[in-house]
Ligand SMILES: C[S@@+](CC[C@H](N)C(=O)[O-])C[C@H]1O[C@@H](n2cnc3c(N)ncnc32)[C@H](O)[C@@H]1O
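Set out below in structure tokens:
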């Protein structure tokens with residue numbers, strides 16, 4: 014196999030929009046190395062003895078920073094590949110002097126592979142890239158392979174929140190998750206329509222969501238059985 018070929022079909026678009034300058038560039042040099050997770054060649058990523066929450070694709074990091082600030086007892090891991098987003102998130106982390114956040118700056122699935130079994134209490138995937146064209150659907154991060162590995166790394170009873178403003182992606186998610194429910198792996202927590210719209214009380218609006226680009230956002234909460 015070509016060792017340079019990425020292991021996963023990319024679920025994200027561009028990794029950089031514009032070059033970083035000034036304090037943003039400085040934070041990438043000084044703050045990022047202090048809080049960045051690097052993968053061990055062998056064995057698992059070491060985690061503190063605290064509840065661990067993980068967010069995949071935090072964008073500019075408003076939700077991650079807000080949750081980490083509101084939940085100081087939690088160890089929060091954010092995964093993002095978009096350099097300008099990582100730089101923005103570092104700004105929030107510095108501004109709020111957050112000591113409970115670590116960042117992984119590559120494909121989240123590479124980190125998931127290295128996490129111990131049943132280590133996560135919460136996982137957020139908020140407004141993942143919709144990949145609306147049929148030929149691109151296979152790039153969607155919510156797929157059988159991701160759910161398989163999330164099932165391994167989430168504790169029984171852990172929460173998974175998936176949000177999207179793309180109706181077709183919402184249907185896609187529900188189909189995938191109902192398969193999981195049938196197999197007894199995840200269970201949808203909604204009891205009525207108001208449980209998936211409007212946003213849950215503990216949700217913090219993200220930058221992408223605020224633009225409501227594709228339609229009405231829905232919030233789909235699941236528990237790992
Ligand atoms: C549409 S944006 C939404 C960002 C943010 N959650 C929000 O609501 O504002 C999706 C983000 O997920 C990131 N992303 C997609 N696949 C990823 C992956 N496999 N690992 C880490 N980040 C990923 C992209 O780089 C992009 O910034």
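Residue numbers (our numbering): 14 to 238. Note that beta-carbon positions come from the ideal geometry of N, C-alpha and C, so glycine has one too. These numbers were taken from a predicted model, which means no experiment stands behind them.
Exercise for review: Could you tell me the distance, in whole angstroms, from the CA atom of residue 72 to the CA atom of residue 221?
Suggested key: By one-based count along the chain shown, residue 72 stands at place 59. By one-based count along the chain shown, residue 221 stands at place 208. Rounded to the nearest angstrom, the two C-alpha atoms are 8 Å apart.
Check your understanding: How long is the line joining the alpha carbons of residue 211 and residue 178, rounded to whole angstroms?
Key -> Looking up residue 211 in the chain shown gives position 198. Looking up residue 178 in the chain shown gives position 165. In this model, residue 211 and residue 178 are separated by some 12 Å (Cα to Cα).
Check your understanding: So, is residue 86 buried or exposed, given that buried needs 16 or more other C-beta atoms within 10 angstroms?
Key -> For the purposes of this step, residue 86 is identified with residue 73 of the chain shown, where counting begins at 1. It is exposed - the Cβ of residue 86 has fewer than 16 other Cβ atoms within 10 Å.
Point to revise | Rounded C-alpha distance that separates residue 132 from residue 226 | key: For the purposes of this step, residue 132 is identified with residue 119 of the chain shown, where counting begins at 1. For the purposes of this step, residue 226 is identified with residue 213 of the chain shown, where counting begins at 1. It is roughly 34 Å from the alpha-carbon of residue 132 to the alpha-carbon of residue 226.
Check your understanding: For the putative contact between residue 168 and residue 204, defined by C-beta atoms under 8 Å, what is the C-beta separation to the nearest angstrom?
Key -> Position 155 of the chain shown, counting from 1, holds the residue named residue 168. Position 191 of the chain shown, counting from 1, holds the residue named residue 204. Not really, about 23 Å apart at Cβ, beyond 8 Å.
**Study point:** Cβ shell of residue 230 (< 8 Å), same chain only, five flanking positions each side left out
**Key:** On the chain shown, residue 230 is found 217 positions in, with the first residue counted as 1. Closer than 8 Å at the Cβ level, and outside the excluded window around residue 230, lie 140, 176, 177, 178, 210, 212 and 222.
**Study point:** Residue from 39, 99, 65 and 64 whose Cα sits closest to the Cα of residue 29
**Key:** One-based indexing of the chain shown puts residue 29 at position 16. For residue 29, the nearest C-alpha among the options comes from 99.
Check your understanding: Going by Cα to Cα distance, which pick from 82, 69, 78 and 113 is closest to residue 124?
Key -> The residue you call residue 124 lines up with position 111 of the chain shown. Measuring from the Cα of residue 124, the nearest candidate turns out to be 69.
Check your understanding: In terms of residues, what are the limits of the beta strand (DSSP E) holding residue 231?
Key -> On the chain shown, position 218 is the one that residue 231 refers to. Where residue 231 is concerned, the enclosing beta strand (DSSP E) starts and stops at 231 to 237.
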